[in-house]
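**Student:** According to full-length UniProt numbering, the sequence shown is numbered sequentially starting from 1.
Just so it is clear, CB atoms sit at the ideal spot from N, CA and C, and this is done for glycine as well.
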Amino acid sequence: MYVVSSTPSTPPHEQAKTKYEELHKSIRACDDVLSSVETNLTSFRDDLAAVSADIEHLQARSTALNVRLENRKAVEKGLGPVVEELSVSPVVVSEIAEGHVDESWVKMLAEVEKRSEALAKSAKQQGQSRALADMAPLLEKLTLKAIERIRDYFVAQVKALRSPHMNAQIIQQQKFLKYKELYAFLHRHHSQLADEISLAYMNTMRWYYLNQFGRYQKALDKIKLHVIDKTDVLGHEDTSRKATVLGGGARGLGGAPHDAFNLGRRIDLLKTPNQTALSSYLAEEDQSTHYLEVPFRNFNLALLDNATAEYTFLASFFTPSLTLVRVGKNFNYIFDPTFQLGHNLTRSLVSETHDGLGLLLCIRLNQHFAFELQRRRVPAMDGYVNGTSMALWPRLQAVMDAHCESVRAMTSALPQRPLPAATARTTSAAPHVATQRFGQLVHGILSLSGGGTGALGDDQHGGAAPSGSGDDEPVAASLGRLRSEMEAFLTRYSQAHFGADVKGRKRERFLYNNYSLILTIIGDLGGGKLAAEQIAHFEGLKTAFQEAA
């Protein structure tokens, strides 16, 4: 039985249609979603492609940068040292142009010269380049500025040397030697200007030493000196003559007594450990009376010390820019007027004197100065020492000749015939007064010729000082002549006064007494060839006449 619904029935195809429509909508929605996904995927793909392209670009760029970096490192490795050698920092430029000249400035100057040398080396090896062409003018200007600053510095120091009461050696040590690299730099880059600076310095020091030693000589001129003149010879019989003193330009003033034939303590001047010259003040205030060797020693000792200091400075400051030969010439240019002053002083002291012992003392002092100069390695002063020696030796020979002449005159004045026997018996056989003088003079000469103990002492700085001479010096020959004249006089005197004695015993006793006195005076001398020869000679004479005594 069929039941009829009250609801109208839906045909199946309608139901299917609805179902398909819904499916269609779903599919369309999916299509829309897929389309959106496709769009997104397409966009992502495009973006991914762009990113990939960017990555590839970055990779390529990174590779290029790495290549450039490696190239730059290679270039830097090759050019870095060159750039470092050639580049000049602003600090260096500023310091050279405006900085104070001190030790720091000297270091900056060394940097500039280092750069200049590197530039010249690079230009020589690689040829001219733009970089070198750019740097060359800068370094040249900087070098010229440095030359200007160095010139101004040394000109200021040379002016300071002329300032009153200025110690030249302090300026030399603190302002010149401390910055000797500045002069070396100047000489390398502007030798003409360096020579001008050197000449200005030499002229200043030439004036300085002449002025200082001129004042010192005037002070020494005020020292009172014993006058030993032609009356102080062995044969002069006048023993009543008063001592005279030379001082302040006056001659013949009454003064302290002196013995022209006795060396005494004068030899202490050679043995004293005090190697300091007398100051000008003390020389002017000294009221004592001295012998000629005192001003001679003090002037030359002061000259020796100053010349040593100056030569040492010149050799230290100007070398290696200048050779030692050139330094020696510069030294002589500086000291020539002062050396002339010293020679004039020596001539004024010895030209009229008959002080043989004083002359020999000066000769020994001069020999000691020569030895000291050799020890100090100051060859440039040899000419002065030799010139002084040439002034002293001839005068000593003249004085020794005067002694010989005076003894010869005494011999000639003796009676040609012996005195009567009665007179001979009352005449004393005591030594003649001339024998005493002769013995003292010979003792002094031998003491100064290596015969005395420590005649010239020992050098205060180690090493032995020259100890006098032997037969090779003119003094030995002169002493031999004087001895012969004295023996001839004593022989003639004995014949004239005691020749009437038939037995001749008093004559022989007289000769024995005289030779014994001479031997007593010189017998205490120590070593020395000349002294030993003289002692042996007079011992022989004494022995020859000993039996009659």
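Within its chain, find whatever has a CB closer than 6 Å to the CB of VAL158; leave out the 5 residues flanking it on each side and keep chain order.
**Tutor:** The residues are ALA200, TYR201 and THR204.
**Student:** Indicate whether GLN192 and PHE317 have their beta-carbon atoms separated by less than 9 Å.
**Tutor:** No, the pair does not count as a contact, with Cβ atoms beyond the cut-off.
**Student:** Going by beta-carbon coordinates alone, are HIS258 and TYR281 separated by less than 9 Å?
**Tutor:** Not a contact, by the Cβ cut-off of 9 Å.
**Student:** By Cβ distance, which residues of its chain are closer than 6 Å to PHE313, with the 5 residues on each side in sequence left out?
**Tutor:** If we look at PHE313 and ignore the five residues flanking it on each side, its Cβ neighbours are GLN172.
**Student:** Do three or more CB pairs link the segment 65–72 to the segment 102–119 at distances below 8 Å?
**Tutor:** Contact fails: fewer than three Cβ-Cβ distances are below 8 Å.
**Student:** Flag this pair as yes or no: are the beta carbons of GLY439 and ILE521 separated by less than 9 Å?
**Tutor:** Result yes, Cβ atoms of GLY439 and ILE521 sit closer than 9 Å.
**Student:** Can you tell me whether DSSP reads LYS145 as helix, strand or coil?
**Tutor:** In the structure shown, LYS145 sits in a helix (DSSP, three-state: H, G or I).
**Student:** Does the Cβ of HIS354 have 16 or more other Cβ atoms within 10 Å, making it buried, or fewer, making it exposed?
**Tutor:** Flag for HIS354 reads buried.
**Student:** When the Cβ atoms of the segment 478–494 are set against those of the segment 507–517, are three or more pairs found closer than 8 Å?
**Tutor:** In short, these stretches touch, since the Cβ pair count reaches three.
**Student:** For PHE296, tell me which candidate among ARG347, LEU263 and ALA307 has the shortest Cα-Cα distance.
**Tutor:** Of ARG347, LEU263 and ALA307, the residue nearest in Cα terms is ARG347.
**Student:** Shortest alpha-carbon distance to GLU533 belongs to which of ASN514, HIS443 and PHE489?
**Tutor:** Among ASN514, HIS443 and PHE489, the Cα nearest to that of GLU533 is on HIS443.
**Student:** Which two residues bound the contiguous alpha helix (DSSP H) that contains LEU345?
**Tutor:** That run of the alpha helix (DSSP H) goes 324–350.
**Student:** So HIS343 packs on GLY387, CB below 8 Å; how close in whole Å?
**Tutor:** At roughly 6 Å, the Cβ-Cβ gap stays under 8 Å, so HIS343 and GLY387 are in contact.
**Student:** According to DSSP, is LYS222 part of a helix, a strand, or is it coil?
**Tutor:** LYS222: coil per DSSP, three-state reduction.
**Student:** Kindly give me the distance between the Cβ atoms of LEU177 and ILE150, rounded to whole angstroms, as I take these residues to be in contact under 8 Å.
**Tutor:** The pair is not a contact, with the Cβ atoms about 15 Å apart (cut-off 8 Å).
**Student:** Please report how far the alpha carbon of PHE185 lies from the alpha carbon of ASP195, in whole angstroms.
**Tutor:** The alpha-carbon atoms of PHE185 and ASP195 are separated by roughly 12 Å.
**Student:** Quick check on GLY214: buried or exposed, where buried means 16 or more other Cβ atoms within 10 Å of its Cβ?
**Tutor:** Its Cβ having fewer than 16 others within 10 Å, GLY214 is exposed.
**Student:** Please go through the same chain and pick out, in chain order, the residues whose beta-carbon is closer than 7 Å to the beta-carbon of ALA430, but skip the five residues on each side of it.
**Tutor:** These residues qualify, in order along the chain: ASN513.
**Student:** Return helix, strand or coil for GLU533, following the three-state DSSP convention.
**Tutor:** Three-state result, GLU533: helix.
**Student:** Going by Cα to Cα distance, which pick from ALA309, LEU269 and ALA219 is closest to ALA283?
**Tutor:** Closest option to ALA283, Cα to Cα, is ALA219.
**Student:** Between the Cα of ALA380 and the Cα atoms of SER428, ALA307 and ARG188, which residue gives the shortest distance?
**Tutor:** Ranking the options by Cα distance to ALA380, first place goes to ALA307.
**Student:** Straight-line CA distance for ASN366 to ASP268?
**Tutor:** Going by the C-alpha atoms only, they are around 15 Å apart.
**Student:** Below 6 Å CB to CB, which residues in the same chain sit around ALA97 once its five sequence neighbours on both sides are set aside?
**Tutor:** The answer, listed in chain order, is LYS145.
**Student:** According to DSSP, is HIS403 part of a helix, a strand, or is it coil?
**Tutor:** Of the three classes helix, strand and coil, the one that applies to HIS403 here is helix, per DSSP.
**Student:** Compute the Euclidean distance between the alpha carbons of SER389 and GLN275, then round it to the nearest angstrom.
**Tutor:** Near 21 Å, if we compare the C-alpha coordinates of GLN275 and SER389.
**Student:** Quick one: is GLY264 buried, meaning 16 or more other Cβ sit within 10 Å of its Cβ, or exposed?
**Tutor:** The residue in question, GLY264, is exposed, as its Cβ has fewer than 16 Cβ neighbours within 10 Å.
**Student:** Taking the C-alpha atoms as reference points, what is the distance between residue 569 and ALA315?
**Tutor:** An answer regarding residue 569 cannot be provided, because it is not within the stretch 1 to 549 covered by the chain.
**Student:** Assuming the contact rule is C-beta atoms closer than 8 Å, residue 582 and LEU357 should be a hit. Round their C-beta distance to whole Å, please.
**Tutor:** Because the chain is modelled from 1 through 549, residue 582 falls outside the range shown and cannot be assessed.
**Student:** Given THR239, which residues of its chain have a CB within under 6 Å of its CB, disregarding the five upstream and five downstream residues?
**Tutor:** With a pLDDT of 46 at THR239, under the threshold of 50, the modelled position of that residue is not reliable, and the figure given next carries that caveat. Answer for THR239: no residue qualifies.
**Student:** Please report the straight-line C-alpha distance between HIS187 and LEU301, rounded to a whole angstrom.
**Tutor:** Each residue's alpha carbon lies about 34 Å from the other.
**Student:** How many angstroms separate the CA atom of GLN416 from the CA atom of GLU352?
**Tutor:** Taking the straight line from one Cα to the other gives about 34 Å.
**Student:** Report back the beta-carbon spacing between ILE197 and PHE154 to the nearest angstrom; my notes put them in contact at under 8 Å.
**Tutor:** Going by Cβ atoms, the distance from ILE197 to PHE154 rounds to 5 Å, so yes, they are a contact pair.
**Student:** Mapping DSSP to helix, strand and coil, what is HIS100?
**Tutor:** Coil, per DSSP.
**Student:** Which residues in the same chain have their Cβ closer than 7 Å to the Cβ of LYS107, if we skip the five residues on either side of it in sequence?
**Tutor:** Nothing listed; no residue qualifies.
**Student:** Have a look at ILE445, PHE498 and GLN374 and flag the residue whose alpha-carbon is nearest the alpha-carbon of ARG483.
**Tutor:** Out of ILE445, PHE498 and GLN374, ILE445 has the C-alpha closest to the C-alpha of ARG483.
**Student:** Measure the Cβ-Cβ separation of VAL227 and GLU405 and say whether it is below 9 Å.
**Tutor:** Contact flag unset, no.
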